[in-house]
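To keep things clear, I will list the structure first and then write my remarks on it.
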Amino acid sequence: MSAAGDGTGRRLAGRRVLVGRGGDWGERVAALLATEGAEGVVVPLITFAPPADVAPLEEALRRLADGAYDWVTVTSATTVTALAERVPGVLGPDRALPDLLRATRVAAVGPGTARALTEHGVATDLLPSGERSAAGLVAEMTGQGAVGRGDGTRTSGARVLVPHSDLAEPTVVDGLRAAGWAVDEVVAYRTVRGPGPSEAVRAAWRSGGIHAVLLSSASTVRSLVELLGTPASSVVVCCIGSRTAAAARELGLRVDVVPAAASAEELVAALAAHGVPGAAPGVPGVGGPARRAATDPAAAGPAPDPAAQAPLPPSPAPDRRPL
Numbered sequence: 001m002s003a004a005g006d007g008t009g010r011r012l013a014g015r016r017v018l019v020g021r022g023g024d025w026g027e028r029v030a031a032l033l034a035t036e037g038a039e040g041v042v043v044p045l046i047t048f049a050p051p052a053d054v055a056p057l058e059e060a061l062r063r064l065a066d067g068a069y070d071w072v073t074v075t076s077a078t079t080v081t082a083l084a085e086r087v088p089g090v091l092g093p094d095r096a097l098p099d100l101l102r103a104t105r106v107a108a109v110g111p112g113t114a115r116a117l118t119e120h121g122v123a124t125d126l127l128p129s130g131e132r133s134a135a136g137l138v139a140e141m142t143g144q145g146a147v148g149r150g151d152g153t154r155t156s157g158a159r160v161l162v163p164h165s166d167l168a169e170p171t172v173v174d175g176l177r178a179a180g181w182a183v184d185e186v187v188a189y190r191t192v193r194g195p196g197p198s199e200a201v202r203a204a205w206r207s208g209g210i211h212a213v214l215l216s217s218a219s220t221v222r223s224l225v226e227l228l229g230t231p232a233s234s235v236v237v238c239c240i241g242s243r244t245a246a247a248a249r250e251l252g253l254r255v256d257v258v259p260a261a262a263s264a265e266e267l268v269a270a271l272a273a274h275g276v277p278g279a280a281p282g283v284p285g286v287g288g289p290a291r292r293a294a295t296d297p298a299a300a301g302p303a304p305d306p307a308a309q310a311p312l313p314p315s316p317a318p319d320r321r322p323l
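Just so we're aligned, residue 1 is where the sequence shown starts under the working numbering, counting upward by one.
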């Protein structure tokens, strides 16, 4: 497969890619896309908010700080942010995330989550050596004899806190309980629908001015369809993992790309390796399906509206509507 979309090694040169999540993650993905020559259009299809009732979360965090748990599981960078934001209210204005987690061991679902913990000054004690997912985390914790407080005790019967989104699957909770762990779970944040995209983004989406979309969760899939509609056949749909891909297919989307590992870096690399049709004039498509769509007018869809090729403005602030 050719590595260069424009002869410089930038495999996505001339492409415009919708990034369906904002914040630090969206900015990082947009920067990764830029290294491949693409324009990342960050549209927060979802955003995050505190639980409707923060009391259960704060009570659980007080127990965590007091050493009531052998382990805490962290399954996303958003969970890291949610926990860090509660620390001042729970422990005091001068305290930070390391103070909350000093008496427990930390299991992270993958390198992106571990990176977020590191940025807050927290070391990760366990990462899955195989599949980087909730199921992989459970397998690592239950199958490799992870220990309790570092004193050699086995995990069977260990006490663990599982903070998660209000929309989280019960994979971690059910898997650890089935293995004999004492599990407390608590909602750390809510996932809510993002703001309506700008009219410029809507116009680009309708006219073929957006060539690919990156989806990071089932929630982003649902919001994409609700806020922008089903992608045209020319749009390359890239899902971060199998659950996201399954949600996309359930809503009738064709899934073109799923990376081997669920991370921002792997997501962009997989998209670049696959290739994207609909490049700027003079920039060929890259890859099998992309090349066919780029050379077959029926597959490529309508020609882009020149107005839709203009730089797109930022999306408006989230309105916190529940999903």
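No residue lacks a Cβ here, since even glycine has one placed at the ideal position from N, Cα and C.
Here the structure is a predicted model, which is why all the values come from computation and not from measurement.
So, helix, strand or coil for residue i, using DSSP?
i: Val187; result: strand
i: Arg249; result: helix
i: Glu39; result: strand
i: Thr243; result: At residue 243 the sequence reads Arg, which differs from the Thr that was named. DSSP places Arg243 in helix when its eight states are reduced to three.
i: Arg102; result: coil
i: Val236; result: strand
i: Leu12; result: coil
i: Val276; result: coil
i: Asp256; result: coil
i: Pro56; result: helix
Check the DSSP bridge columns for residue i and list the partner residues they point to.
i: Thr73; result: Ala107
i: Ser165; result: Tyr189
i: Ile46; result: Arg21 and Arg193
i: Ala182; result: Arg159
i: Ala212; result: Val17 and Val236
i: Leu227; result: DSSP lists no partner for Leu227.
i: Leu126; result: Ala107
Taking all protein chains shown into account, decide if residue i is buried (16 or more other Cβ within 10 angstroms of its Cβ) or exposed.
i: Ala300; result: With a pLDDT of 35 at Ala300, under the threshold of 50, the modelled position of that residue is not reliable, and the figure given next carries that caveat. Under this definition Ala300 is a buried residue.
i: Thr47; result: buried
i: Thr155; result: Here Thr155 scores only 49 on pLDDT, less than 50, and its place in the model should not be relied on; the value that follows carries that caveat. So Thr155 ends up on the buried side.
i: Ser76; result: buried
i: Ser233; result: exposed
i: Thr35; result: exposed
i: Ser129; result: exposed
i: Ala245; result: buried
i: Arg15; result: buried
i: Glu59; result: exposed
i: Glu131; result: buried
i: Ala82; result: buried
i: Asp70; result: buried
i: Gly252; result: exposed
Measure the beta-carbon distance from residue i to residue j and round it to whole angstroms, keeping in mind my assumption that it falls under 8 angstroms.
i: Gly121; j: Leu97; result: 7 angstroms
i: Val236; j: Val257; result: 7 angstroms
i: His211; j: Val187; result: About 37 angstroms separates the two Cβ atoms, so there is no contact after all.
i: Leu228; j: Leu215; result: So it is not a contact: roughly 12 angstroms between Cβ atoms.
i: Leu167; j: Val72; result: Actually they do not touch by this definition, with Cβ atoms about 20 angstroms apart.
i: Thr104; j: Leu64; result: 6 angstroms
Excluding the 5 residues flanking residue i on each side, which residues of the same chain have their C-beta closer than 8 angstroms to its C-beta?
i: Glu265; result: Leu32
Suppose the cutoff is 6 angstroms on Cβ atoms and the five residues either side in sequence are ignored; what does the same chain contact list for residue i look like?
i: Pro259; result: Glu266, Leu267 and Ala270
i: Ala84; result: Leu97 and His120
Within the same chain, show all residues whose beta-carbon is closer than 7 angstroms to that of residue i, passing over the 5 residues directly before and after it, in chain order.
i: Val80; result: Val74, Thr113, Ala116, Leu117 and His120
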